[in-house]
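>
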Amino acid sequence: MINFTRYTLENGLRIIHHYDESTPLAVLNVLYDVGSRDEDPEKTGFAHLFEHLMFGGSINIEDYDEPLQLVGGENNAFTSNDATNYYIQLPAENIETAFWLESDRMLSLAFNKESLDVQRNVVCEEFKQRYLNQPYGDVWLKLRPLSYTTHPYKWDTIGKELSHIENATLADVKAFFKKYYAPNNAILVVSGNVSLEQSKVLCEKWFAPIPAAHVPVRALPSEPIQTSARKLNIKANVPADALYLAFHGVKRNDPRYYAMDLLTNIFGLGESSRLYYALVKEKQLFSNFSCYHTGSFDEGLIIFSGKTMMGVNLQTAEAAVWEEIEKLIQDGAREEELTKVKNKIESSHVYEMMSLLERSIAIAFAEVQGDVNMVNEEVSHFQKVTCDDIKTFAKAFLTREKCNTMYYEKV
Amino acid sequence: MLNRATPPPFVVPQSFSIPLAKKHALANGNILHSIHTDNDALLKIDVFFPAGRIFQKQASVAALTIDMLFESTQKRSAMQLAEAMDFFGAYTDYSVRAEWASLTLYTLNKHLASVIPYFIELLTLPAFKDEELNILIAREIQDLNVALEKNNVLAQHEVSRRQWGENHPLGMTPTVANYHSITRATIQGFFDQHYKLGDAKLFVAGNIDDNVINTLTQAFSLGKKAIETNAQLWEASPNNSAVPVFIEKPKSLQAAVRLARKHVPRTHPDYNDTQILNLILGGYFGSRLMDNLREDKGFTYGVGSNIADYRWGSEWSIGTEVKNDARNETVSEIFKEMKRLTEELVEMDELDVARNYLLGQVLRSLDGAYQQMKYSETIALNDYSYDLLYAGFHRITTITPEDIMVVAKKYLDPKDWLVVVCGSEGTTSAEV
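Residue numbers (the working numbering), protein chains in the order written: chain A, 833 to 1243; chain B, 184 to 615.
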């Protein structure tokens, strides 16, 4: 059970305080309710580029990292399609340094051209390192536009193409900040060995003076229900053929989310999972196989993917995957199989929540989706799922006309 | 009016205490180490065998042996074993290092008694079926082929071969032909020699009560304590020269750059000082290499420098992936930064940032039972004393810029460093 106190400042900043006296550390986590799904289709990759610029100095503080390192802290950040999250972990006595740093960059960045030039280069190198200069690195750059026709999940957080980042101007960057980086579009989590009283004083001192901004109401185009299958063949210089099947799932806060999650675990979690056993061990069609979902706030993707063994053709491999999917739709999940994946979820949840940082991030993500209590209630939602729910979900979502298939073949 | 220009006051963590693991005697003479936490937690059980890569006579044998422990046992199939452990929500993990191979079991306290017999079975009764080994090897070959497409892997393999020599256990790199020559007998032989439960180093962290200790001491009392196999194969003859070894990988967008040298063990008087030197050079986000190559020049997404410890020595390495056409400049900038450390004293401000950051790291590394257990593992696996580790903490606060220059001169001489670059000579970033 995670204890917390939730309150809101006058400028709209939502604060959640989580006290843990068993640690000498504290965490300050700031989540901004903006992700790559909010980007202009002609200027993709901005949310992530912006995350880099947040480390380039703020209005009153020239250098972000050094003062934090001086007080024994460390930090990082990540951008997803849905949100951008920044965190600091430091000795609890020095928590005020984190307040000072985070509030100043929420107030305003320094916006200098040199910082933009360098970070544009760094992000371009990141693009190359992770997406272009790796075998199979560009899979998501191909799979997203195949799977989405309309919703902005059709581009990856790194951006559609390098040129969008290369062409980013200082004016673009300033406009993005003004639009999304405001207290009323953020969630602050203060956690660890810091009292509620101290935390309230610090929040009032450092964050209350930051003015609220007009944040646009999110109105994203929704993805139409897919009615016919889509296919894509890619040829690339890779050592083995790979297969990807992508289906649309449900939103993160849909009641059926839990059935979807358990379903993918039955298919793909661990060496006793159905697909690992059937496709890797028994039939030896794939050298590895995974089944998971993207966990997105809006309707995300359920992915089946694997690299085939030498000499196995992709049609045969694909047919074997479908055989397993259809077997589950036909016969449903077994009771002990469902208990197994629920037990796995229970222990992995306990594991994740042991970390103060993971707890802080989980609190912020639950709050931005409308209900911070989710951090404590999730496991019980999983427990309620029945074998029937699994079967019903599979039948509705894993159909051939809703499937996006990608063959990634070696030349 | 709030003054945002002046940083708030701060304190530097000064004293640290490493919780001592409790030692529990087993019937076979072995010892179980435990660290308790009051919080609800999973139990983390670590079993270390002297079965690391240094004991192998051909590449990949240490890794394949531990992989095969997760296949069928003499009592049940791999699927039955996985299903039984998964049913109780257990997670397993494993790793192979230079000297040790370790297996980890995570389980909720309430399922410990149900899960532990399967875990012991996995450790002691592998079947090593030919068919399963062949499938595993076929998959490993496939993975190797993917890995060999990556510049950083190609560069790392070259470093290992040159650093240790191709016939040294740590210098042997995986090849397809080598995989094909590994048989069931190779694996069985390696297992028989190195996986003796009586010799294993045992650790448990989590919410420990008598029940946990009784269950584990009984379960691990199988097998006799034999004589430990110590690996002293550390001396090898590196052939370093600071002249880059170039590997051509056509059409590379980025080049992988690796620098490496063999280094002193943790017990050496210079070791702690070089850890701090390493931090300033390339060991954290505020390091000189990160400033230079990423924040100033934008050549790379990241660069890192690291000293990896083994019992008998350590390996110091620097790695980055940079714009292909910046590869040569990257190497010269790295040497330039090394040289600067040998010629100019580090400013006190810079040293303070590094030292305080490191003290914060120490505090983080002592937070929670799992983290604390790592210290007990380091001590037990290497026969180190607590004093050795405390001396390392203490040195962070006492080291001076002059001390840093002394070790910089001693260990950052370019001729002691091996340099490997993997990229393409033909292309530049502008062409792609």
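We treat Cβ as the ideally placed atom computed from N, Cα and C, and that holds for glycine.
These figures come from a predicted structure and were not determined experimentally.
1. Residues of chain B with CB closer than 8 Å to the CB of Lys1113 of chain A, please, in chain order.
2. How about Val1182 of chain A and Leu225 of chain B: do their beta carbons lie closer than 7 Å?
3. Can the beta-carbon of Leu863 of chain A be found closer than 7 Å to that of Ala909 of chain A?
4. Under a three-way DSSP split, which group does Thr290 of chain B fall into?
5. Please tell me whether His1080 of chain A and Glu1131 of chain A are closer than 7 Å, where the distance is taken between their beta carbons.
6. Does the distance from the CB of Glu928 of chain A to the CB of Val536 of chain B come in under 7 Å?
7. With 16 other CB atoms within 10 Å as the buried threshold, where does Thr483 of chain B fall?
8. Are there 16 or more other CB atoms within 10 angstroms of the CB of Val615 of chain B, so buried, or fewer, so exposed?
9. Please give the ranges of any alpha helix (DSSP H) in the region 1012-1077 of chain A, keeping only runs that are unbroken, at least 4 residues long and fully inside the region.
10. Rounded to the nearest angstrom, what separates Glu1178 of chain A and Ala261 of chain B at their Cα positions?
11. Does Cys956 of chain A come out as helix, strand or coil in the three-state DSSP assignment?
12. Is the number of C-beta pairs between the region 1092-1101 of chain A and the region 1214-1227 of chain A that are closer than 8 Å three or more?
13. For the beta strand (DSSP E) that contains Asp492 of chain B, what are its first and last residues?
14. DSSP puts Asp276 of chain B in a beta bridge; with which residues?
15. Thinking just about the alpha-carbon of each residue, which of B:Leu288, B:Phe518, B:Leu572 is nearest to the one in Asp596 of chain B?
16. For Ser255 of chain B and Ala310 of chain B, which I take to be in contact (beta-carbon distance under 8 Å), what is that distance rounded to the nearest angstrom?
17. Hey, is the region 920-936 of chain A in contact with the region 844-858 of chain A, meaning 3+ C-beta pairs nearer than 8 Å?
18. Mind checking which residues open and close the alpha helix (DSSP H) that includes Ala1194 of chain A?
19. List the residues of chain A whose Cβ lies closer than 9 Å to the Cβ of Leu295 of chain B, in chain order.
20. What are the residues of the region 894-921 of chain A that lie near chain B, defined by any Cβ-Cβ distance shorter than 8 Å?
21. For Gln325 of chain B versus Ser1119 of chain A, is the C-beta distance shorter than 7 Å?
22. Using the beta-carbon count (16 or more within 10 Å), is Lys240 of chain B buried or exposed?
23. Using beta carbons (cut-off 7 Å, strictly below), is Ala924 of chain A in contact with chain B?
24. Below 8 Å on C-beta distance, what does Met1186 of chain A contact in chain B?
25. In terms of residues, what are the limits of the beta strand (DSSP E) holding Ser1137 of chain A?
26. For the alpha helix (DSSP H) holding His850 of chain A, just list the boundary residues, first then last.
27. Given that Gly1102 of chain A touches chain B, what residues does it touch there, using C-beta distances under 7 Å?
28. Taking 7 Å as the CB-CB cut-off, is Glu957 of chain A touching chain B?
29. I need the straight-line Cα distance from Trp972 of chain A to Arg471 of chain B, nearest angstrom please.
30. Using a cut-off of 8 Å between C-beta atoms, extract the partners of Asp250 of chain B located in chain A.
31. Taking C-beta to C-beta, are Ser404 of chain B and Asn211 of chain B nearer than 7 Å?
32. Jot down the residue ranges of each uninterrupted beta strand (DSSP E) in the region 206-279 of chain B, minimum 3 residues, whole runs only, in chain order.
33. Please look up how many angstroms separate the CB atoms of Ala1074 of chain A and Lys1139 of chain A, rounded, as I've assumed it's under 8 Å.
34. Between the Cα of Asn1245 of chain A and the Cα atoms of A:Lys1234, A:Ile1195, A:Ser890, A:Glu1241, which residue gives the shortest distance?
35. Less than 7 Å between CB atoms is the rule here; does Glu614 of chain B satisfy it with respect to chain A?
36. Between Lys992 of chain A and Leu1064 of chain A, how many whole angstroms is the CB-CB distance? I'm expecting something under 8 Å.
Judging by the given coordinates:
1. In the first sequence, the residue the question calls residue 1113 of chain A occupies position 281. Correct list: Ala261, Met262, Ile318.
2. The residue labelled residue 1182 of chain A in the question sits at position 350 within the first sequence. The residue labelled residue 225 of chain B in the question sits at position 42 within the second sequence. Contact flag set, yes.
3. Locating residue 863 of chain A in the first sequence gives position 31, counting from the first residue. Locating residue 909 of chain A in the first sequence gives position 77, counting from the first residue. The answer is no: Cβ separation not under 7 Å.
4. Position 107 of the second sequence holds residue 290 of chain B. Of the three classes helix, strand and coil, the one that applies to Thr290 of chain B here is strand, per DSSP.
5. In the first sequence, counting from the first residue as 1, residue 1080 of chain A sits at position 248. In the first sequence, counting from the first residue as 1, residue 1131 of chain A sits at position 299. Taking 7 Å as the Cβ cut-off, His1080 of chain A and Glu1131 of chain A qualify as a contacting pair.
6. Mapped onto the first sequence, residue 928 of chain A falls at position 96. Mapped onto the second sequence, residue 536 of chain B falls at position 353. Not a contact, by the Cβ cut-off of 7 Å.
7. Along the second sequence, one-based indexing puts residue 483 of chain B at 300. Thr483 of chain B is buried by the Cβ-count criterion.
8. Within the second sequence, residue 615 of chain B is the residue found at index 432, counting from 1. Residue placement at Val615 of chain B cannot be trusted, given a pLDDT of 34 that sits under 50; what the coordinates show is reported in the next sentence. Exposed is the call here.
9. 1028-1038
10. Numbered from 1 along the first sequence, position 346 holds the residue referred to as residue 1178 of chain A. Numbered from 1 along the second sequence, position 78 holds the residue referred to as residue 261 of chain B. Rounded to the nearest angstrom, the two C-alpha atoms are 23 Å apart.
11. Position 124 of the first sequence, counted from the start, is the residue given in the question as residue 956 of chain A. Helix at Cys956 of chain A.
12. yes
13. Residue mapping note: residue 492 of chain B aligns to position 309 of the second sequence, counting from 1. Unbroken beta strand (DSSP E) run through Asp492 of chain B: 483-492.
14. By one-based count along the second sequence, residue 276 of chain B stands at place 93. Looking at the DSSP assignment, Asp276 of chain B forms a beta bridge with B:Thr287.
15. Position 413 of the second sequence holds residue 596 of chain B. The candidate whose alpha carbon is nearest that of Asp596 of chain B is B:Phe518.
16. Taking the first residue of the second sequence as position 1, residue 255 of chain B is located at position 72. Taking the first residue of the second sequence as position 1, residue 310 of chain B is located at position 127. Right, the Cβ-Cβ distance comes to about 4 Å (below 8 Å), so this counts as a contact.
17. yes
18. Looking up residue 1194 of chain A in the first sequence gives position 362. It spans 1188-1200 - the alpha helix (DSSP H) in which Ala1194 of chain A sits, taken as one unbroken run.
19. Stepping through the second sequence from its first residue, residue 295 of chain B is reached at position 112. Here the premise fails: no neighbours, minimum Cβ distance about 12 Å.
20. Asp897, Glu898, Pro899, Gln901, Leu902, Val903, Gly904, Gly905, Glu906, Gln921
21. By one-based count along the second sequence, residue 325 of chain B stands at place 142. By one-based count along the first sequence, residue 1119 of chain A stands at place 287. Result yes, Cβ atoms of Gln325 of chain B and Ser1119 of chain A sit closer than 7 Å.
22. Reading the second sequence from its first residue, position 57 is the one you call residue 240 of chain B. Looking at its Cβ environment, which holds fewer than 16 other Cβ atoms inside 10 Å, Lys240 of chain B is exposed.
23. In the first sequence, residue 924 of chain A corresponds to position 92, counting from 1. False, the Cβ-Cβ gap to chain B never drops below 7 Å.
24. Numbered from its first residue, the first sequence carries residue 1186 of chain A at position 354. Neighbours of Met1186 of chain A on chain B, chain order: Asn222, Ala224, Leu225, Gly551, Tyr553.
25. What you label residue 1137 of chain A is simply residue 305 of the first sequence in a count that begins at 1. Where Ser1137 of chain A is concerned, the enclosing beta strand (DSSP E) stretches over 1133-1140.
26. Taking the first residue of the first sequence as 1, we reach residue 850 of chain A at position 18. Run containing His850 of chain A: none in the alpha helix (DSSP H); it sits in the beta strand (DSSP E), 846-851.
27. What you label residue 1102 of chain A is simply residue 270 of the first sequence in a count that begins at 1. Chain B residues near Gly1102 of chain A: Ala265, Asp269.
28. Indexing the first sequence from 1 puts residue 957 of chain A at position 125. Yes, because at least one Cβ of chain B sits closer than 7 Å to the Cβ of Glu957 of chain A.
29. Start at 1 with the first residue of the first sequence, and residue 972 of chain A comes out as number 140. Start at 1 with the first residue of the second sequence, and residue 471 of chain B comes out as number 288. So the alpha carbons of these two residues sit roughly 34 Å apart.
30. What you label residue 250 of chain B is simply residue 67 of the second sequence in a count that begins at 1. Near Asp250 of chain B there are no residues of chain A at all, since even the closest Cβ is about 11 Å away, more than 8 Å.
31. Position 221 of the second sequence, counted from the first residue, corresponds to residue 404 of chain B. Position 28 of the second sequence, counted from the first residue, corresponds to residue 211 of chain B. In this structure, Asn211 of chain B lies closer than 7 Å to Ser404 of chain B by Cβ.
32. 214-219, 226-232, 274-279
33. One-based indexing of the first sequence puts residue 1074 of chain A at position 242. One-based indexing of the first sequence puts residue 1139 of chain A at position 307. Contact holds; Cβ gap of about 5 Å.
34. Outside the displayed range of chain A (833 to 1243) lies residue 1245 of chain A, so it cannot be described from this structure.
35. Here residue 614 of chain B corresponds to residue number 431 of the second sequence, with the count starting at 1. The predicted model places Glu614 of chain B with a pLDDT of 37, which falls under 50 and marks its position as unreliable; any figure quoted below should be read in that light. Chain A, which has no Cβ nearer than 7 Å to the Cβ of Glu614 of chain B, makes this no.
36. Residue mapping note: residue 992 of chain A aligns to position 160 of the first sequence, counting from 1. Residue mapping note: residue 1064 of chain A aligns to position 232 of the first sequence, counting from 1. That pair is no contact at about 16 Å.
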